[in-house]
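Under this note's numbering, think of the first position of the sequence shown as 437, with each following residue one higher. Glycine included, each C-beta is placed from N, C-alpha and C at the ideal position. Heads up: the structure comes next, in structure tokens.
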Amino acid sequence: MRKMGGLALFKWIPAIYNGVSKKRGLMLLQAWEIVHKLRQYSWVTAFVIFSICISTNGFSQGPPPPPPPPPGGAIPPLPPVPQPPQNPGTPEKELLGKFLFWETQLSSDSAVSCGSCHFPEAGGSDPRSLIQGTRHPGSDGVFGNADDVFGSIGIQAQDCNGAILGGGAFGMERQVTARRSQSTVGAMFSPRLFWDGRSGPEFIDPETGTVSIPGGSTPAGGALEAQALEPILSEIEMGCDTRSWDQVRARLIASIPLQFATNIPQPMVNALAQFPDYPALFEMAFGTPDITAERIAFAIAAYERTLLPDQTPFDQFINGNPNALTLDQQQGLNVFLNNCLPCHGGPFLSDNVFHDIGVRPENEDVGRFQVTGNEIDRGRFKTPPLRNVALRAPFFHNGGKETLLDVVNFYNVGGDFQNPEQGPQTPPLNLPLGARLDLVEFLESLTDPRAENALPPFDHPTMPVYFRRGDINQDGTVDISDVINGLQYLFDNEVILCADAADTNDDGEINIADSVRLLARLFNGAEPLPAPSELSEGPDLTPDLLECLN
437 MRKMGGLALF
447 KWIPAIYNGV
457 SKKRGLMLLQ
467 AWEIVHKLRQ
477 YSWVTAFVIF
487 SICISTNGFS
497 QGPPPPPPPP
507 PGGAIPPLPP
517 VPQPPQNPGT
527 PEKELLGKFL
537 FWETQLSSDS
547 AVSCGSCHFP
557 EAGGSDPRSL
567 IQGTRHPGSD
577 GVFGNADDVF
587 GSIGIQAQDC
597 NGAILGGGAF
607 GMERQVTARR
617 SQSTVGAMFS
627 PRLFWDGRSG
637 PEFIDPETGT
647 VSIPGGSTPA
657 GGALEAQALE
667 PILSEIEMGC
677 DTRSWDQVRA
687 RLIASIPLQF
697 ATNIPQPMVN
707 ALAQFPDYPA
717 LFEMAFGTPD
727 ITAERIAFAI
737 AAYERTLLPD
747 QTPFDQFING
757 NPNALTLDQQ
767 QGLNVFLNNC
777 LPCHGGPFLS
787 DNVFHDIGVR
797 PENEDVGRFQ
807 VTGNEIDRGR
817 FKTPPLRNVA
827 LRAPFFHNGG
837 KETLLDVVNF
847 YNVGGDFQNP
857 EQGPQTPPLN
867 LPLGARLDLV
877 EFLESLTDPR
887 AENALPPFDH
897 PTMPVYFRRG
907 DINQDGTVDI
917 SDVINGLQYL
927 FDNEVILCAD
937 AADTNDDGEI
947 NIADSVRLLA
957 RLFNGAEPLP
967 APSELSEGPD
977 LTPDLLECLN
């Protein structure tokens, strides 16, 4: 009989993996990785060790699991959305807020909207944060070190006449925020927003200095209204260096609503047919066409209060459907109830408090201390709510963990750094692999499919694609290879990924003149290409039929 080789002996491993649950499959693969390293000794020895691994409690089901928790119990359902009496929600106000939230012309360069950094499909956070261009160099100002942050792309440093200032860590490139964007989905229950809690609970009208919404008006006060305005004047996120509300007002009055967006939801299209500009839309929502900072905040907050992620499998489970969670998810819920409630309990799955859990050394980002000045708050950050958390990678305030399993493993060892202000509530969990995988399964049950698939109320317009003019092959740089790619497109029918990038003279057509223009820029010192130039990514604000595929 022909002797079976080692590879043939193990060719059935993928079949085993495909025939079991994700958790069991990962455990089997972990066992396989161990014995694969032992194949240098003997395939027979490796096979024996593998058999032992999968027959022991470390990789098998072990004793019967504890019974699943009953629906409800320790975590009550979400309460009604708090509505400040000073800003009651109306369909008209919510619709205006949706326009403003997705309006890129609310930024100084018409390229950034609130929604640019807060996509529902990304759990209300920024899906661009894993791209190389969204790195912030961290506290040391040097790219490529361990303190780098996966933040959100904002605007180029510029004055309010449109001149690009350059300099600093980003030069002529778009700036990046120093923290990961937090979710706006489900944010209506928190009295303090942003990682350091600098917004809320009261909302002060920035134009009059008066309190528009007292902090005690609802459990969440006017935190949503307060956070809605901060990015608009930020010279990193949306604003020029000395931007004022008069400038914001003038810009909105002169703008065609959602001029640079596509795939606009039908209710918004219907509204534009009747209210074709922003003064008309403000009159629709507030009764007069006046545009004020307070009204902008009221409308955006009213829209954000519609983004309630209450149709997750977990919410169905605690509302009485025992079959809404899989067995693994129910076991993960048990793990969650036994280990995570001190910070992620209650209906919001957050205590809305600030903790130092050892993500990074606290001297890199002082967190809450920057707001309060209290030494005890150094390195502390707000506990995020967990609905839609599976959509929000990368995780933590610095975007330092790529997967939910990475996050669970972080807690399993009690954090990455032991900071002086670290509280006693983050001891190592010391969970076995199976329990950690169950916990990940449970966290994935917190996803509202409407948000994941951009269904109402999470539907939205499509934002303009960012690209770098001249970067025809989309490798992040503009060089001679792009000239070659453009010529191959013209004469050899080669595919190009971004037609807009190939239109180097921005005339709406791709021809030999574009190759000549790019060569002149690269080798003859010609002026920069039309915006978005080779100096920085951005959208094409010139109407044409050219598109990017990315």
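Residue span of the alpha helix (DSSP H) that contains residue i, given as start and end
i	result
ILE754	749-754
SER951	948-959
ILE916	916-928
ILE649	It is not in any alpha helix (DSSP H) - ILE649 instead sits in the beta strand (DSSP E) that spans 647-649.
THR808	805-808
ALA690	681-690
GLY533	527-537
ILE668	659-669
CYS779	777-780
ASP562	Run containing ASP562: none; DSSP gives neither H nor E here.
ASP980	Where ASP980 is concerned, there is no enclosing alpha helix (DSSP H), given that its DSSP letter is neither H nor E.
ASN706	702-710
PRO715	714-722
VAL844	840-848
SER738	For the record, residue 738 in the displayed sequence is Ala; it is not Ser. Where ALA738 is concerned, the enclosing alpha helix (DSSP H) stretches over 729-740.
ARG886	885-888
GLY875	A small correction: the amino acid at residue 875 is Leu; Gly does not occupy that position in the sequence shown. Start and end: 869-880.
Contacts around residue i, its chain only, beta-carbon distance under 7 Å, and the 5 residues preceding and following it disregarded
i	result
PRO979	none
LEU955	VAL919
PRO450	Low per-residue confidence applies at PRO450: pLDDT is 41, beneath 50, and the placement is therefore not dependable, though the value from the model is reported in the following sentence. Closer than 7 Å at the Cβ level, and outside the excluded window around PRO450, lies no residue.
PRO513	ASP751, ILE754, ASN755 and PRO783
ALA605	PRO573 and GLY577
GLN522	SER648, ILE649 and SER653
ASN799	none
VAL621	PRO556, GLY559, GLY560, LEU743, PRO745, ASN824 and ALA887
LYS447	With a pLDDT of only 38 at LYS447, under 50, the local geometry of the prediction cannot be trusted, and no value is derived from it.
GLY714	Residue 714 is actually Tyr in this sequence, not Gly. Hits under 7 Å: LEU688, ILE689, SER691, PRO693 and ILE727.
GLY525	GLN519, ALA738 and ARG741
ALA949	ASN941
PHE722	ARG731
PHE772	LEU875 and PHE878
Residue j beta carbon less than 7 Å from that of residue i
i	j	result
ALA937	ILE946	no
THR862	GLY906	no
PHE903	CYS984	yes
SER561	ARG828	yes
ASP942	PRO968	no
MET899	SER575	no
ASP595	ASP545	no
SER691	GLN541	yes
VAL849	THR819	no
GLU673	GLY590	yes
TRP538	PRO893	no
LEU873	ALA707	no
ASP583	ARG571	no
Whole-angstrom C-beta distance between residue j and residue i, which should lie under 8 Å
i	j	result
PHE696	LEU879	In fact, because the Cβ distance is near 36 Å, the residues do not count as touching under 8 Å.
PRO627	ALA659	5 Å
ALA729	PRO667	With 8 Å as the limit, ALA729 and PRO667 do not qualify as a contact, their Cβ atoms being about 13 Å apart.
PHE586	ASN834	7 Å
PRO693	LEU669	Not really, about 21 Å apart at Cβ, beyond 8 Å.
ARG564	SER588	7 Å
ASN909	SER917	6 Å
LEU785	PRO821	5 Å
GLY657	GLU638	6 Å
Proximal residues to residue i (C-beta, below 8 Å), its chain only, five neighbours per side dropped
i	result
GLU970	ARG904, ARG905, GLY906, ASP907, VAL914, ARG957 and PRO964
ALA826	GLY559, LEU840, LEU879, GLU880, LEU882 and THR883
GLY851	ILE793, GLY794, VAL795, GLN858 and THR862
THR646	ILE640
ILE488	In this predicted model, ILE488 has a pLDDT of only 48, less than 50, meaning its place in the structure is not dependable enough to derive any value.
ALA935	ILE946, LEU982, GLU983 and CYS984
THR724	PHE718
PRO703	LEU531
Cβ neighbours of residue i in the same chain (closer than 6 Å, five flanking residues each side left out)
i	result
VAL843	PHE831 and LYS837
THR492	Residue confidence for THR492 is low, a pLDDT of 45 falling below 50, so the modelled location carries little weight; the figure read from the coordinates is stated next. So no residue of the chain qualifies.
SER972	GLN592, MET608, GLU609 and ARG610
ASP632	GLY803, ARG804, GLN806 and VAL807
GLY533	ALA735, ILE736, ALA738 and TYR739
VAL705	none
GLN765	GLU877, PHE878 and SER881
PHE853	GLY794 and PRO797
Within the chosen definition, does the segment 880-892 reach the segment 551-560 through at least 3 CB pairs nearer than 8 Å? Taking 8 Å as the limit for Cβ pairs, the verdict is that the segment 551-560 does touch the segment 880-892.
Does the segment 809-816 come within contact of the segment 732-741, defined as at least 3 CB pairs closer than 8 Å? With a cut-off of 8 Å, the segment 732-741 and the segment 809-816 do not count as touching, because too few Cβ pairs lie within range.
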